Amino acid sequence: MDNLVSDLQTLIRQPSVSAKKTGLVECANLVASMMQRSGINSGVLYLDDQSIPPIVYGEVRSKVNPSRTLLFYNHYDVQPEDPVELWDDDPFSGKVENNKVYGRGSADDKGELITRIKAVEYCLKATGDVPCNVKFMVEGEEEIGSIHVEQYLEKYKEKLACDGVIWEFGYIDAKERPVISLGMKGLLYVELLAAGPVRDAHSSLAVLIENPAWRLVQALATMRDSKGRVLIKDWYKEARPFAKQELAAIAREPFDVQEFKQEYGVKRFVNNATGTDVKKALVGMPTCNIAGFDSGYIGEGAKTVLPAKARVKIDFRLVPGMVPEKQLARLKKHLKDRGFSDIEVKFIHGEEAARTPLSDPFVKVVEEAAKESFGNYVLSVSAAGTGPMYSFVKVLQAPCISIGSTYLFARIHSPNEFARIEFLNRCTKCMARILEKFAA
Ligand SMILES: [Zn+2]
Numbered sequence: 001m002d003n004l005v006s007d008l009q010t011l012i013r014q015p016s017v018s019a020k021k022t023g024l025v026e027c028a029n030l031v032a033s034m035m036q037r038s039g040i041n042s043g044v045l046y047l048d049d050q051s052i053p054p055i056v057y058g059e060v061r062s063k064v065n066p067s068r069t070l071l072f073y074n075h076y077d078v079q080p081e082d083p084v085e086l087w088d089d090d091p092f093s094g095k096v097e098n099n100k101v102y103g104r105g106s107a108d109d110k111g112e113l114i115t116r117i118k119a120v121e122y123c124l125k126a127t128g129d130v131p132c133n134v135k136f137m138v139e140g141e142e143e144i145g146s147i148h149v150e151q152y153l154e155k156y157k158e159k160l161a162c163d164g165v166i167w168e169f170g171y172i173d174a175k176e177r178p179v180i181s182l183g184m185k186g187l188l189y190v191e192l193l194a195a196g197p198v199r200d201a202h203s204s205l206a207v208l209i210e211n212p213a214w215r216l217v218q219a220l221a222t223m224r225d226s227k228g229r230v231l232i233k234d235w236y237k238e239a240r241p242f243a244k245q246e247l248a249a250i251a252r253e254p255f256d257v258q259e260f261k262q263e264y265g266v267k268r269f270v271n272n273a274t275g276t277d278v279k280k281a282l283v284g285m286p287t288c289n290i291a292g293f294d295s296g297y298i299g300e301g302a303k304t305v306l307p308a309k310a311r312v313k314i315d316f317r318l319v320p321g322m323v324p325e326k327q328l329a330r331l332k333k334h335l336k337d338r339g340f341s342d343i344e345v346k347f348i349h350g351e352e353a354a355r356t357p358l359s360d361p362f363v364k365v366v367e368e369a370a371k372e373s374f375g376n377y378v379l380s381v382s383a384a385g386t387g388p389m390y391s392f393v394k395v396l397q398a399p400c401i402s403i404g405s406t407y408l409f410a411r412i413h414s415p416n417e418f419a420r421i422e423f424l425n426r427c428t429k430c431m432a433r434i435l436e437k438f439a440a
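The numbering of the sequence shown is this note's numbering, which starts it at 1 and goes up by one.
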């Protein structure tokens, strides 16, 4: 553990903020040399455009079982450290206090990464071998949307070929149980623009000039009903319904409704959802969410203005089966059919959902490893959020499962981010167990 903590400190002390493009190549090289010292053959790989941050690739071939390969996907970049003044120490100090390692990236994702590296190092030191082949893919743009991950997967498809992927991240809940998550929702992110007069006008002219903010509000009102259902034609057409096994697993998932409502200060849920419906919504309900709306004057006092334009950003969460491009075409058609063809639709981001079926033997492997190293675990059919999991499933044709070492309240993306050493320890054991069981 001393060795693990000091290596984690070394990683934290090398800032690698993808949003600011600082220290990325340096950190990639650092990770590669650290992996090398742990006995993992590693190096950095680039796309044709060398200004794109490299990935770190690592591998160890198993003597005993070279027919099975597990891939660890992680990232070496971190979120910006700002606002610096809210940190108790230097954000890149790697300070150890109260059995915690502090610093940007201590949990997300350098803490997670170090548990994978040390699990492999442990196997090598204990037995001179690894139970199955192990590969690493550590990218440098996760915190800015993994923009080139699919290109890297495509380019290095053969190198990265595997039979299963352990995802970069996993929470440990308030009851100290790791959350095994089998999937992620997809996403369609768009911006809608409504144009009015060529410049802001005196609002007395609202008798003659159509207000673009109203256009947008009226268009938005046709897209979703008050129960949260998306009203765009065929929106749910390919959305895969829950399998029986998934419904049973969702019913077993713990979720404290009262605590959640209190945390967010809300009295009721969308569509007055209660009981299992709340969990079903989190795991598998598509959404149409207004992420931001911008138009006209919202400063102090009154300004009687008719704005020249209005725009809104919308994120649609998607579930397995739904293809972002198809949904985008449906949205465009919807606006046109409803008489809003003047509203411009800008595509910003699309990602398909991914979900490993409960019947996949890989699920049992991770469940057993989690039970042995943490005593208990929570099984989640899918996270409510989005990540590039589908790219891995599609390109590598391998199941992905997420489990990790990050305490639920570890302040990731916030000042004073930390990793709990005890969880790093248990997670490292868990990773070693996964390797053993995956080989069997
Ligand atoms: Zn993050």
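Note that beta-carbon positions come from the ideal geometry of N, C-alpha and C, so glycine has one too. Being a predicted model, the structure only gives us computed values, none of them experimental.
- Less than 8 Å separates the beta-carbon of V149 from that of S391.
- Three or more beta-carbon pairs drawn from the segment 10–20 and the segment 98–107 are found closer than 8 Å, and the two stretches are therefore classed as touching.
- Following the DSSP letters along the chain, one finds Y73 inside the beta strand (DSSP E) bounded by residues T69 to H75.
- The alpha-carbon separation between V60 and I40 amounts to approximately 6 Å.
- Counting of Cβ neighbours within 10 angstroms places A126 among the exposed residues, the total staying below 16.
- Here E97 carries a strand assignment [DSSP, helix/strand/coil].
- The closest CA to that of E351, considering only I343, R330, A419 and E325, is found on E325.
- It is roughly 44 Å from the alpha-carbon of S359 to the alpha-carbon of L193.
- A distance filter of 7 Å between CB atoms and the heavy atoms of ligand 1 selects the following residues in sequence order: Q79, D108, D109, E142, E143, I412 and H413.
- Residue pairing from DSSP places A195 in a beta bridge opposite K309.
- Straight-line measurement puts the Cα of L282 at about 16 Å from the Cα of E259.
- E417 is positioned such that its CB atom lies closer than 8 Å to that of S106.
- Under the rule that a run must span 4 or more residues, the alpha helix (DSSP H) segments found entirely inside the segment 11–42 read 24–37.
- Annotated three-state conformation of K185 is strand, per DSSP.
- The C-alpha of G321 lies about 26 Å from the C-alpha of V312.
- Within the same chain, Cβ atoms closer than 7 Å to the Cβ of V366 are found at I180, I401, I403 and I434, the five residues on either side in sequence being excluded.
- The beta-carbon distance between K185 and G385, rounded to whole angstroms, is 7 Å. This is short enough to meet the 8 Å contact definition.
- By the C-beta criterion, the segment 373–382 is judged not to be in contact with the segment 43–61, since fewer than 3 inter-stretch pairs fall below 8 Å.
- No Cβ-Cβ contact shorter than 8 Å links V64 with S16.
- From the listed residues N3, G140 and K159, the smallest Cα separation to K20 is found for G140.
- Exclusion of the five residues before and after V270 leaves K227, G228 and A281 as the residues of its chain whose Cβ lies within less than 8 Å of its Cβ.
- The closest CA to that of M389, considering only K429, K333 and V319, is found on V319.
- Ranked by Cα distance from L160, the first of E168, L70, S146 and R215 is L70.
- Between A383 and G183, the C-beta gap is smaller than 8 Å, which places the two residues in contact.
- Remark: C-beta atoms of L24 and P66 do not approach each other more closely than 8 Å.
- Non-local beta-carbon contacts of K309 in its own chain, meaning distances under 8 Å to residues more than five positions away in sequence, involve L193, A194, A195, G196, P212 and S295 in chain order.
- For the 8 Å CB-CB criterion, E121 and N74 do not form a contact.
- Going by DSSP, K118 is part of the alpha helix (DSSP H) stretching over K110 to T127.
- Secondary-structure assignment with DSSP links M137 through a beta bridge to Y57 and Y73.
- Excluding its 5 nearest sequence neighbours in each direction, R411 has C-beta neighbours in its own chain below 6 Å: E417, listed in chain order.
- Fewer than three pairs of CB atoms, one per stretch, sit closer than 8 Å, so the segment 200–208 makes no contact with the segment 235–255.
- Residue burial is scored here from C-beta neighbours: K110 has at least 16 other C-beta atoms within 10 angstroms and is therefore classed as buried.
- In this structure R355 is not in contact with L187, their Cβ atoms being roughly 14 Å apart against a cut-off of 8 Å.
- Judged by DSSP secondary structure, D294 falls within the beta strand (DSSP E) whose first and last residues are N289 to S295.
- As a beta-bridge residue in DSSP terms, C400 pairs with V165.
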